[in-house]
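These notes concern the structure reproduced below.
2 protein chains.
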Amino acid sequence: MATRIDCPLGTLLIDWTALLSELRKDPITGRWVIVARERRKRPKDFRMVHEESPGGPCPFCYGNEHQTPGETLAFRPSNSTRNAADWWVRVVPNKFPALEDSGDVVRKADGMYDWINGVGAHEVIIETPVHQTSLAQLPEDHIKEILWAYRLRIEEHSRNPDIEYVLIFKNHGAAAGASLEHPHTQLIATPVVPIRVREELKGAESYYDYKDRCVFCDIIGQEERKPLRLIEESKSFIAINPYASRLPFETWILPRRHLSHFEMLWIDEFEDLAGLVQRTFMRLWRVLDDPPYNFMLHVAPPRSGELPYYHWHIEIIPTLTTVAGFEWGSGFYINPVPPEEACRFLRGVDLTQTNSRAGAEAKVAGIH
Amino acid sequence: MATRIDCPLGTLLIDWTALLSELRKDPITGRWVIVARERRKRPKDFRMVHEESPGGPCPFCYGNEHQTPGETLAFRPSNSTRNAADWWVRVVPNKFPALEDSGDVVRKADGMYDWINGVGAHEVIIETPVHQTSLAQLPEDHIKEILWAYRLRIEEHSRNPDIEYVLIFKNHGAAAGASLEHPHTQLIATPVVPIRVREELKGAESYYDYKDRCVFCDIIGQEERKPLRLIEESKSFIAINPYASRLPFETWILPRRHLSHFEMLWIDEFEDLAGLVQRTFMRLWRVLDDPPYNFMLHVAPPRSGELPYYHWHIEIIPTLTTVAGFEWGSGFYINPVPPEEACRFLRGVDLTQTNSRAGAEAKVAGIH
Numbered sequence: 053m054a055t056r057i058d059c060p061l062g063t064l065l066i067d068w069t070a071l072l073s074e075l076r077k078d079p080i081t082g083r084w085v086i087v088a089r090e091r092r093k094r095p096k097d098f099r100m101v102h103e104e105s106p107g108g109p110c111p112f113c114y115g116n117e118h119q120t121p122g123e124t125l126a127f128r129p130s131n132s133t134r135n136a137a138d139w140w141v142r143v144v145p146n147k148f149p150a151l152e153d154s155g156d157v158v159r160k161a162d163g164m165y166d167w168i169n170g171v172g173a174h175e176v177i178i179e180t181p182v183h184q185t186s187l188a189q190l191p192e193d194h195i196k197e198i199l200w201a202y203r204l205r206i207e208e209h210s211r212n213p214d215i216e217y218v219l220i221f222k223n224h225g226a227a228a229g230a231s232l233e234h235p236h237t238q239l240i241a242t243p244v245v246p247i248r249v250r251e252e253l254k255g256a257e258s259y260y261d262y263k264d265r266c267v268f269c270d271i272i273g274q275e276e277r278k279p280l281r282l283i284e285e286s287k288s289f290i291a292i293n294p295y296a297s298r299l300p301f302e303t304w305i306l307p308r309r310h311l312s313h314f315e316m317l318w319i320d321e322f323e324d325l326a327g328l329v330q331r332t333f334m335r336l337w338r339v340l341d342d343p344p345y346n347f348m349l350h351v352a353p354p355r356s357g358e359l360p361y362y363h364w365h366i367e368i369i370p371t372l373t374t375v376a377g378f379e380w381g382s383g384f385y386i387n388p389v390p391p392e393e394a395c396r397f398l399r400g401v402d403l404t405q406t407n408s409r410a411g412a413e414a415k416v417a418g419i420h
Numbered sequence: 053m054a055t056r057i058d059c060p061l062g063t064l065l066i067d068w069t070a071l072l073s074e075l076r077k078d079p080i081t082g083r084w085v086i087v088a089r090e091r092r093k094r095p096k097d098f099r100m101v102h103e104e105s106p107g108g109p110c111p112f113c114y115g116n117e118h119q120t121p122g123e124t125l126a127f128r129p130s131n132s133t134r135n136a137a138d139w140w141v142r143v144v145p146n147k148f149p150a151l152e153d154s155g156d157v158v159r160k161a162d163g164m165y166d167w168i169n170g171v172g173a174h175e176v177i178i179e180t181p182v183h184q185t186s187l188a189q190l191p192e193d194h195i196k197e198i199l200w201a202y203r204l205r206i207e208e209h210s211r212n213p214d215i216e217y218v219l220i221f222k223n224h225g226a227a228a229g230a231s232l233e234h235p236h237t238q239l240i241a242t243p244v245v246p247i248r249v250r251e252e253l254k255g256a257e258s259y260y261d262y263k264d265r266c267v268f269c270d271i272i273g274q275e276e277r278k279p280l281r282l283i284e285e286s287k288s289f290i291a292i293n294p295y296a297s298r299l300p301f302e303t304w305i306l307p308r309r310h311l312s313h314f315e316m317l318w319i320d321e322f323e324d325l326a327g328l329v330q331r332t333f334m335r336l337w338r339v340l341d342d343p344p345y346n347f348m349l350h351v352a353p354p355r356s357g358e359l360p361y362y363h364w365h366i367e368i369i370p371t372l373t374t375v376a377g378f379e380w381g382s383g384f385y386i387n388p389v390p391p392e393e394a395c396r397f398l399r400g401v402d403l404t405q406t407n408s409r410a411g412a413e414a415k416v417a418g419i420h
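Line order of the protein sequences matches chains X and C. In this text, residue positions in the first sequence follow our numbering: the first is 53, and each later residue adds one. In this text, residue positions in the second sequence follow our numbering: the first is 53, and each later residue adds one.
This is the structure:
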């Protein structure tokens, strides 16, 4: 969970325990950034020759529970004890947190700039005890438990009045920024709303002001009427490749009914969503051969109340292209794969066919 | 200049000549994306085993001028002829353009979505005939010529009433997205203003509305008064590590006088800027050992007239960390190197010391 610094000569893993962090605001755009506060290492640390291997046993596997901070949530048999090796989903504080629950939020001026101390939370949702598996291979029932853990942790952090947003995201594969292979999701609770979410909120609100309709509901309507980019519909959800996909095979999953907060899903919707998530990752796996990807839950801020103009959704972005700094610096993406084409491939996957690497599925199924 | 698609099993270079492109707008955020329009390759093309090597001689070296489209600008001796091998800076259309001058701009609705045909321009500024060199090694006089070429091409494209913005950017090193080693900058002229520039314009305008001062001028003032992040000041420019740096060693260069358009610099300012650019890249080279980086000119839209609230600047972002999709997806960066620390390293570089790889400098100096 350390931060990777890839240099021409090697890779440095930054141990966040040696640091405190702070939040700083860019005065031009209003973007908040988490910046390390402690005195940093010497420049030679950015010029290491060999990649530091995490080494040792995986801290997320059974028997190594003591290698992580004590769990904040776990699904385990009722006669079991905390941190014992019989859980099926386990949530722990990140050993190298970017933000920590270190007391009150302090907001102050730093000359002309704006500053907040590094208050918040950073957790890891260990998705399964099985080291070698993925969302494409886990059974639906198990994915439902993972989604349920997301819900409980969002609710828990939302109770903290200092927290303005709870980010749920997942990096799968080294190219997508994952530093540990064992399937896990991360949660960062922040005292500010991330700028891209603010942008979405603002854009969606101005669409609503003009049309008196939710823009996401309109997108769902259009994709259902003319299914050029519709991968699959379930009872309550829809998986699409968005019209203005930034990157090849960008995929979104949205609830068909209007809902601004993930945690307000009904119980039977969790089951339905788990199935669609599993099938969508299976499709991506088949077409792109287990691609590295980033997965993010975009939700309304926890204490905003239900919003008529915002619609929570999942964004999945396979990491197939090198995103040049130019692209995220300008916001101007060049996508060589039209979403209609990506959709044709994904829709064409035969889901009845057994996945060649799906042996892990059976192993997990045997656990609980 | 083809687009790279990195897959688990290899790399695909997309040849844009086989494609037409179009611009599509994300209805939520208003972000425009360039999307390929033609029927794409089959999915196996995303699963290639071996990296396609560009192979053959470098199209940007002397003697291979016929391998690029005919030049649109070149600095060469007055008795020379077009496309002859005696230029020192040469501008050509990109052989695989993301946008092309293919007639009138067509803006239309595509159901609920907004669409523009792929009209614009995509050029390459070949910075020098020397294959193995960089902005850290080229002499100041030569960098001035490159900056002058930027100016002339911005002016040229700005005359086209269909063009709303001219993006000048540079990817150095494969990790930063460069597909050819020979030093070159790219120019993309677009019928829309990129979203990050729009964000900056909007943020800077609202700061101005409140304070009646330019936010960039205020930043320059603060960094000069309390030089914690001030790398170097020249007569007319300043190089800093910004307060809310997104990534380690993020570096900006700004003119000290208020100016919203790069192309309005005075001639003697070009000379001064060339020196500061050269020294700044030398510092980055020394501290980070020739890091891959992205370089971008942020300027006001060409036909906006001089803006009291916007201040053109250069952004340089070394590609040291893996930017997880999470980070550009949320806009929430975690920067493990405080800019004050980055600044201490960069400021400490002894510029009188000869660069070990600076042999190329002499070679270039001998050319003109």
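Just so it is clear, CB atoms sit at the ideal spot from N, CA and C, and this is done for glycine as well. Since the structure is predicted, the reported quantities are computational estimates derived from the model, not experimental observations.
Extent of the continuous alpha helix (DSSP H) run through residue 348 of chain X: In the first sequence, the residue the question calls residue 348 of chain X occupies position 296. It is not in any alpha helix (DSSP H) - residue 348 of chain X instead sits in the beta strand (DSSP E) that spans 345 to 350.
Buried/exposed call for residue 131 of chain X, threshold 16 Cβ in 10 Å: Here residue 131 of chain X refers to the residue found at position 79 when the first sequence is read from its first residue. Exposed: under 16 other Cβ atoms inside 10 Å.
Limits of the alpha helix (DSSP H) - the one that residue 264 of chain C falls within: Locating residue 264 of chain C in the second sequence gives position 212, where the first residue counts as 1. Looking at the DSSP string, residue 264 of chain C is not in any alpha helix (DSSP H), and its letter there is neither H nor E.
Proximal residues, the stretch 235 to 257 of chain C versus chain X, C-beta separation under 9 Å: 238, 240, 242, 244, 246, 247, 248, 249, 250, 251, 252, 254, 255, 256
Meets three-Cβ-pair contact criterion under 8 Å: the stretch 351 to 362 of chain C and the stretch 228 to 239 of chain C: no
Integer Cβ distance of residue 246 of chain X from residue 215 of chain X, believed to fall under 8 Å: The residue given as residue 246 of chain X occupies position 194 in the first sequence. The residue given as residue 215 of chain X occupies position 163 in the first sequence. Not a contact, Cβ separation roughly 13 Å.
Cβ-Cβ distance between residue 336 of chain C and residue 199 of chain C below 8 Å: Residue 336 of chain C sits at position 284 when you count from the first residue of the second sequence. Residue 199 of chain C sits at position 147 when you count from the first residue of the second sequence. No.
Closest Cα partner of residue 330 of chain X within the set X/368, X/352, X/234: Residue mapping note: residue 330 of chain X aligns to position 278 of the first sequence, counting from 1. Ranking the options by Cα distance to residue 330 of chain X, first place goes to X/368.
Test: residue 126 of chain X CB closer than 8 Å to a CB of chain C: Here the question's residue 126 of chain X lines up with position 74 in the first sequence. No, residue 126 of chain X lies away from the interface with chain C (no Cβ there is under 8 Å from its Cβ).
Three-way DSSP call (helix, strand, coil) for residue 418 of chain X in this model: Counting from one through the first sequence, the residue named residue 418 of chain X turns up at place 366. With a pLDDT of 35 at residue 418 of chain X, under the threshold of 50, the modelled position of this residue cannot be trusted, and the question is left open.
Three-state secondary structure (DSSP) of residue 384 of chain C: Taking the first residue of the second sequence as position 1, residue 384 of chain C is located at position 332. It is coil, neither helix nor strand.
Residue 193 of chain X in three-state terms, based on DSSP: The residue you call residue 193 of chain X lines up with position 141 of the first sequence. If DSSP states are grouped into helix, strand and coil, residue 193 of chain X belongs with the helices.
Element boundaries [beta strand (DSSP E), containing residue 390 of chain C]: Stepping through the second sequence from its first residue, residue 390 of chain C is reached at position 338. Element bounds for residue 390 of chain C: n/a, residue is neither H nor E.
Residue 362 of chain X, DSSP secondary structure in three states: Counting from 1 along the first sequence, the entry for residue 362 of chain X is found at position 310. Note: residue 362 of chain X maps to coil in three-state DSSP.
Other residues of its chain near residue 113 of chain C: CB distance less than 8 Å, five sequence neighbours each side excluded: Along the second sequence, one-based indexing puts residue 113 of chain C at 61. Closer than 8 Å at the Cβ level, and outside the excluded window around residue 113 of chain C, lie 181, 183, 234.
Check whether residue 171 of chain C and residue 154 of chain C have beta carbons under 8 Å apart: Residue 171 of chain C sits at position 119 when you count from the first residue of the second sequence. Residue 154 of chain C sits at position 102 when you count from the first residue of the second sequence. In contact: residue 171 of chain C and residue 154 of chain C (Cβ atoms closer than 8 Å).
Cβ pair residue 381 of chain X, residue 248 of chain C closer than 8 Å: What you label residue 381 of chain X is simply residue 329 of the first sequence in a count that begins at 1. What you label residue 248 of chain C is simply residue 196 of the second sequence in a count that begins at 1. Contact: yes.
Identified DSSP bridge partners for residue 73 of chain C: Locating residue 73 of chain C in the second sequence gives position 21, counting from the first residue. Residue 73 of chain C pairs with C/88.
Selection from C/362, C/285, C/74 that minimises the alpha carbon distance to residue 422 of chain C: Lying before the first or after the last residue shown, residue 422 of chain C is absent from chain C, which here runs from 53 to 420.
6 Å CB neighbourhood of residue 152 of chain C in its chain, flanking five on each side removed: Indexing the second sequence from 1 puts residue 152 of chain C at position 100. Closer than 6 Å at Cβ, skipping near neighbours: no residue.
Residues within the stretch 286 to 306 of chain C neighbouring chain X, beta-carbon criterion of under 8 Å: 294, 295, 296, 297, 298, 300
Distance, residue 133 of chain X Cα to residue 363 of chain X Cα: As a position in the first sequence, residue 363 of chain X is number 311, starting the count at 1. As a position in the first sequence, residue 133 of chain X is number 81, starting the count at 1. Cα-Cα distance, rounded: 39 Å.
Rounded straight-line distance, which links the Cα of residue 122 of chain C to that of residue 140 of chain C: Residue numbering aside, residue 140 of chain C sits at position 88 when the second sequence is read from its first letter. Residue numbering aside, residue 122 of chain C sits at position 70 when the second sequence is read from its first letter. When rounded, the distance between both Cα atoms is 16 Å.
Same chain only: Cβ atoms within 6 Å of residue 346 of chain X, ignoring 5 sequence neighbours per side: Locating residue 346 of chain X in the first sequence gives position 294, where the first residue counts as 1. Hits under 6 Å: 223, 228, 369.
Chain-ordered chain C contacts of residue 165 of chain X [CB-CB under 7 Å]: For the purposes of this step, residue 165 of chain X is taken as residue 113 along the first sequence, with counting starting at 1. By Cβ distance, chain C contributes 295.
Chain-ordered residues of the stretch 309 to 342 of chain X with a beta carbon less than 8 Å from chain C: 339, 340, 341, 342
Residue from X/268, X/202, X/201, X/289 with nearest C-alpha to residue 165 of chain C: What you label residue 165 of chain C is simply residue 113 of the second sequence in a count that begins at 1. The candidate whose alpha carbon is nearest that of residue 165 of chain C is X/268.
Span of the beta strand (DSSP E), counted from its first residue to its last, around residue 80 of chain C: Walking along the second sequence from the start, residue 80 of chain C turns up at place 28. Run containing residue 80 of chain C: none; DSSP gives neither H nor E here.
Rounded straight-line distance, which links the Cα of residue 219 of chain C to that of residue 366 of chain C: In the second sequence, the residue the question calls residue 366 of chain C occupies position 314. In the second sequence, the residue the question calls residue 219 of chain C occupies position 167. Computed Cα separation, rounded: 12 Å.
Interface residues of chain C facing residue 274 of chain X [CB-CB closer than 7 Å]: Counted from its first residue, the first sequence places residue 274 of chain X at position 222. Simply 163, 164.
Option nearest residue 284 of chain X by Cα separation, candidates X/340, X/388, X/395, X/261: The count along the first sequence starts at 1 and reaches residue 284 of chain X at position 232. For residue 284 of chain X, the nearest C-alpha among the options comes from X/395.
Min CB distance residue 346 of chain X to chain C below 8 Å: Your numbering for residue 346 of chain X matches position 294 in the first sequence. Taking Cβ atoms only, chain C reaches closer than 8 Å to residue 346 of chain X, which makes this a yes.
Contained alpha helix (DSSP H) runs [length at least 4] in the stretch 187 to 255 of chain X, N- to C-terminal order: 192 to 210
Collapsed DSSP secondary structure at residue 291 of chain X in the structure displayed: Numbered from 1 along the first sequence, position 239 holds the residue referred to as residue 291 of chain X. Three-state result, residue 291 of chain X: strand.
Secondary structure of residue 61 of chain X, DSSP reduced to three states: One-based indexing of the first sequence puts residue 61 of chain X at position 9. Because residue 61 of chain X sits at a pLDDT of 34, beneath the cut-off of 50, its placement in the model cannot be relied upon, and the following sentence gives the value as read from the coordinates. Coil, per DSSP.
For residue 144 of chain X and residue 402 of chain C, the rounded distance between their alpha carbons: Numbered from 1 along the second sequence, position 350 holds the residue referred to as residue 402 of chain C. Numbered from 1 along the first sequence, position 92 holds the residue referred to as residue 144 of chain X. Their backbone Cα atoms lie some 47 Å apart in a straight line.
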